[in-house]
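Residue numbers (full-length UniProt numbering), protein chains in the order written: chain A, 1 to 345; chain B, 1 to 240. Structure, as structure tokens:
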């Protein structure tokens with residue numbers, strides 16, 4: 001996709017380097033200049049383009065963490081599939097959890113364009129060397145939590161992800177465009193679920209309020225630490241992986257949620273929340289960063305449960321994956337077919 | 001009057017099959033052996049739930065029927081209520097049921113009965129379900145020694161529930177003997193290609209023959225319903 005003149009030297013000279021026709025250092029500098037120019041011109045970096053090692057590493061880390069969040073994020077919602085209170089809601093929830101698996105697949109594919117593999121990334125997730133979003137370490141205790149996750153958690157994810165549709169790395173940006181469309185749909189469904197509860201019986205209304213009370217602060221934590229404590233922010237913004245700071249996006253999210261909460265007929269659990277005429281934004285209370293750090297360290301309410309279930313699914317599925325591989329090997333040799341072995345007489 | 005009643009009985013039988021199997025497949029969410037199977041199993045579950053909603057709505061209010069009937073009033077086959085077991089059990093159950101459903105809907109789609117419209121749409125979904133089950137039966141049966149053993153065990157364990165699929169259902173004008181023969185041929189062909197042995201036991205025992213259709217179920221079913229209905233029953237009259 002990136003074809004402007006500024007971007008071309010990187011490719012040309014990369015090939016030159018393989019021929020041994022350019023000195024390593026000089027080539028590296030030219031690559032770096034071409035990369036910087038492409039980023040400055042808002043072009044997309046594509047898998048075969050030269051990129052700084054640190055840029056590649058940052059993207060692998062971020063995309064993998066994003067993919068892991070999609071698949072761990074299936075758990076808190078899948079927890080309610082078998083108990084969904086109407087067939088319509090059950091269908092919506094199943095479709096949503098299925099979409100999340102699909103998002104995980106897109107994102108692992110995007111990460112693989114950077115030279116890593118899904119198996120390797122899953123292994124890092126299972127051994128705790130890569131993380132997933134802190135939010136999925138909170139439990140879904142009632143049906144209303146499914147709505148609160150749709151409205152608040154997906155809402156926060158969308159606020160975070162819409163700018164990623166313009167991220168400098170092409171495969172990631174394109175994955176985000178597809179994902180954001182589906183996420184917006186989920187978010188509206190979550191809002192609608194909460195609205196039905198809020199307008200339902202007193203018990204249903206209370207259930208909705210309780211869920212919002214429990215999910216509000218963890219949702220605000222999804223934007224990451226405050227700007228002055230965010231380790232990767234400045235570099236990611238220079239590389240145009242990130243387009244806005246954590247605090248900026250968090251503020252945007254709060255401003256969006258306040259009127260939505262009002263029309264839902266629910267309150268947000270923050271006594272300091274109020275409109276600030278001067279700033280043109282809502283002020284809000286302090287976030288409990290100690291809790292955030294504890295959850296990230298593995299001490300949240302469901303960290304152990306989530307990773308154990310993921311590992312168990314993977315381990316218990318090993319014989320199935322081995323069977324598929326053995327079958328493919330047998331049938332590709334026998335019939336001279338490709339690796340899939342799907343072909344049958 | 002009689003026509004409505006028999007159509008209702010058939011809608012309940014077919015609707016309960018789809019509802020209960022969809023629920024079982026929904027239990028896999030987050031537990032599948034590979035991400036692609038998370039997508040596939042949820043996809044099949046959703047198709048079945050869609051069929052269930054149409055069928056139950058032909059018989060009454062879908063939510064009342066799903067959430068407020070007790071175990072003895074459900075008309076599903078015992079096959080579809082069987083617990084997921086390992087992946088091989090789930091696949092064997094899918095192979096047996098989707099082959100049956102495909103034959104059934106293909107026949108209903110050509111008629112002009114009350115189910116022709118639904119069957120014409122559903123037969124396309126079910127063809128995909130059957131293909132999925134067949135492909136996995138081949139992979140597990142003709143994969144490793146371990147997967148072969150597990151697939152054979154699953155096929156054997158579920159065999160005694162297959163006869164019930166060919167008991168006549170009130171309100172369905174289907175030649176069930178002919179369908180059983182077609183089913184045996186189709187399933188037998190897949191099992192043989194998967195290097196598996198077609199189970200040689202009876203397709204149904206004295207207890208299982210036609211039992212689910214009469215509201216006689218297996219023990220795990222009551223627990224499944226308890227989970228499925230709990231929230232709905234806890235809030236009588238609420239809408240969701």
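For glycine and all other residues, C-beta sits at the position ideal for the given N, C-alpha and C.
What first and last residue would you give for the beta strand (DSSP E) that runs through residue 145 of chain A? Segment 144–148 is the alpha helix (DSSP H) holding residue 145 of chain A; no beta strand (DSSP E) there.
Helix, strand or coil for residue 79 of chain A? Go by DSSP, reduced to three states. coil
Beta-carbon separation of residue 347 of chain A and residue 135 of chain A under 8 Å? Residue 347 of chain A lies beyond the range of chain A shown here (1 to 345); nothing can be said about it.
Whole-angstrom distance between residue 99 of chain A and residue 169 of chain B, CA atom to CA atom: 37 Å
What in chain A is Cβ-close to residue 89 of chain B, meaning under 9 Å? Chain A residues near residue 89 of chain B: none, gap ~12 Å exceeds 9 Å.
Taking 8 Å as the threshold (beta carbon to beta carbon), is residue 93 of chain B in contact with chain A? It does not; no Cβ of chain A falls within 8 Å.
The stretch 313–325 of chain A contacting the stretch 75–89 of chain A, beta-carbon criterion three pairs below 8 Å: no
Residue 253 of chain A vs residue 148 of chain A beta-carbon contact at 8 Å: no
Pairwise C-alpha distance: residue 198 of chain B and residue 91 of chain B: Looking at the two C-alpha atoms, the distance is approximately 15 Å.
Nearest residue (CA-CA) to residue 130 of chain B, options B:43, B:23, B:20, B:219: B:43
On a CA-only basis, which of B:195, B:221, B:201 is nearest residue 327 of chain A? Give me that one, please. Closest option to residue 327 of chain A, Cα to Cα, is B:195.
Residue 76 of chain B, DSSP secondary structure in three states: Note: residue 76 of chain B maps to coil in three-state DSSP.
Assigned secondary structure, residue 138 of chain A (DSSP; H/G/I helix, E/B strand, else coil): coil
From the DSSP secondary-structure annotation, give me the bridge partner or partners of residue 45 of chain A. Partner(s): A:169.
Judging by CA-CA distance, which residue of A:41, A:64, A:127, A:60 is the nearest neighbour of residue 315 of chain A? A:127
Rounded separation between residue 22 of chain A and residue 56 of chain A - CA only: Unreliable placement is indicated for residue 22 of chain A, whose pLDDT of 48 sits below 50; the coordinate value is still reported in the next sentence. Near 23 Å, if we compare the C-alpha coordinates of residue 56 of chain A and residue 22 of chain A.
Give a yes or no on whether 8 Å exceeds the smallest Cβ distance from residue 161 of chain A to chain B. no
With a threshold of 16 other CB atoms inside 10 Å of the CB of residue 240 of chain A, please say whether the residue is buried or exposed. buried
Could you tell me whether the stretch 213–233 of chain A touches the stretch 185–197 of chain A, using the rule of 3 or more Cβ pairs below 8 Å? No, because fewer than three Cβ pairs between the stretch 213–233 of chain A and the stretch 185–197 of chain A fall closer than 8 Å, the two stretches do not touch.
Establish whether the CB of residue 199 of chain B and some CB of chain A are separated by less than 8 Å. no
Proximal residues, the stretch 9–24 of chain B versus chain A, C-beta separation under 7 Å: 23
Would you identify the three-state DSSP class for residue 275 of chain A, choosing helix, strand or coil? strand
Short check: CB of residue 141 of chain B to CB of residue 313 of chain A, under 8 Å? no
Where the stretch 85–97 of chain A meets chain B: residues whose CB sits under 7 Å from a CB there: 85, 86, 87, 89, 90, 91, 94, 95, 97
Minimum length 4: unbroken alpha helix (DSSP H) runs contained in the stretch 204–274 of chain A: 233–238, 246–264
Suppose the cutoff is 8 Å on Cβ atoms and the five residues either side in sequence are ignored; what does the same chain contact list for residue 2 of chain A look like? Here residue 2 of chain A scores only 47 on pLDDT, less than 50, and its place in the model is too uncertain to base an answer on.
Quick one: which chain A residues come within Cβ less than 9 Å of residue 81 of chain B? Within 9 Å Cβ-Cβ: nothing; residue 81 of chain B doesn't reach chain A, min ~13 Å.
By Cβ distance, which residues of its chain are closer than 7 Å to residue 107 of chain A, with the 5 residues on each side in sequence left out? 63, 66, 67, 70, 175
Starting from residue 154 of chain A and walking both ways along the alpha helix (DSSP H), at which residues does that stretch end? For residue 154 of chain A, the enclosing alpha helix (DSSP H) starts and ends at 154–161.
Below 7 Å between beta carbons is the criterion; list the residues of the stretch 214–229 of chain B that meet it against any residue of chain A, in chain order. 227, 228
With 16 other Cβ atoms within 10 Å as the buried cut-off, status of residue 81 of chain A: buried
Please name the residue or residues paired with residue 126 of chain A in a DSSP beta bridge. For residue 126 of chain A, which the question treats as bridged, DSSP gives no partner whatsoever.
Does residue 39 of chain B come within less than 8 Å of chain A when only Cβ atoms are used? Yes, contact with chain A.
For a contact meaning CB atoms closer than 7 Å, what does residue 201 of chain A contact in chain B? 235, 238
Beta carbon of residue 211 of chain A, beta carbon of residue 267 of chain A: below 8 Å? no
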